[in-house]
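In what follows, a single structure is set out as structure tokens and then discussed.
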């Protein structure tokens, strides 16, 4: 997150081994500094085919109209699992592998916010000044309404208990279960609000 403040810095976080290879190949071709974030953990199963990296371009992995998840790095695997779980209850979620925290894919941001459904960003590091913040900043620069954005990541106001990577992700609510629960809550809140608006509109029509 702290590297976002450096001018000209390209920040990447690949999903799996295949993307890590592509990120390294991309970095070697650049004439500006690049940083790649990848955790010390087991490598997730590769999502194939894996297209080459293009500056500031995300990769859409799943379609869905009820919500969109913009995932940075290996958190994408948990986001996909969460989407599969939610699909069983009829909630269809679009999932993007953002690939870049700097520069952010403006096209991706425009698409998900224009849809009007909840948007969730997921990152496996500090939420302060990180990927979610970059998405929010870009949305505001583009004049997009961002009140339905939820940023998930590691809290900046406390230390995370020592433990395995899996236990730390669960503690922060950014494992598959935590992501699914957050999305379901957002969708339910949206549906409740939309229902309220419809009822108010119906009453207004009836009174006339």
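Residue numbers (the working numbering): 39 to 246.
Cβ atoms here follow ideal geometry from the backbone N, Cα and C, with glycine treated the same way.
What you are looking at is a predicted structure, and each value in this text was computed from that prediction instead of being measured.
Practice problem: Give me whichever residues DSSP pairs with residue 140 in a beta bridge. | Solution: Within the chain shown, residue 140 is the residue found at index 102, counting from 1. BP columns for residue 140 point to 49.
Quiz prompt | Proximity of residue 164 and residue 120 at Cβ, strictly below 7 Å | solution = The count along the chain shown starts at 1 and reaches residue 164 at position 126. The count along the chain shown starts at 1 and reaches residue 120 at position 82. No.
Exercise. Would you kindly check if the distance between the Cβ of residue 159 and the Cβ of residue 189 is under 7 Å?
Key: Numbered from 1 along the chain shown, position 151 holds the residue referred to as residue 189. Numbered from 1 along the chain shown, position 121 holds the residue referred to as residue 159. Taking 7 Å as the Cβ cut-off, residue 189 and residue 159 qualify as a contacting pair.
Quiz item: Where does residue 66 land, buried or exposed, given buried means 16+ other C-beta within 10 angstroms?
Solution: As a working mapping, residue 66 is identified with position 28 in the chain shown. An exposed status is given to residue 66, since fewer than 16 other beta-carbon atoms sit within 10 Å of its beta-carbon.
Quiz item: Curious, which full-length alpha helix (DSSP H) runs of at least 4 residues does the stretch 190–232 contain?
Solution: 203–209
Practice problem: Could you tell me which uninterrupted beta strand (DSSP E) segments, each at least 3 residues in length, are contained entirely in the stretch 101–178, listed from first to last along the chain? | Solution: The stretch 101–178 contains these whole beta strand (DSSP E) runs: 105–109, 131–135, 138–140 and 157–164.
Quiz item: Where does residue 97 sit, in a helix, a strand or coil, going by DSSP?
Solution: As a working mapping, residue 97 is identified with position 59 in the chain shown. Note: residue 97 maps to strand in three-state DSSP.
Quiz prompt | Bounding residues of the beta strand (DSSP E) (the contiguous stretch that carries residue 73) | solution = The residue given as residue 73 occupies position 35 in the chain shown. Here the beta strand (DSSP E) through residue 73 covers 72–74.
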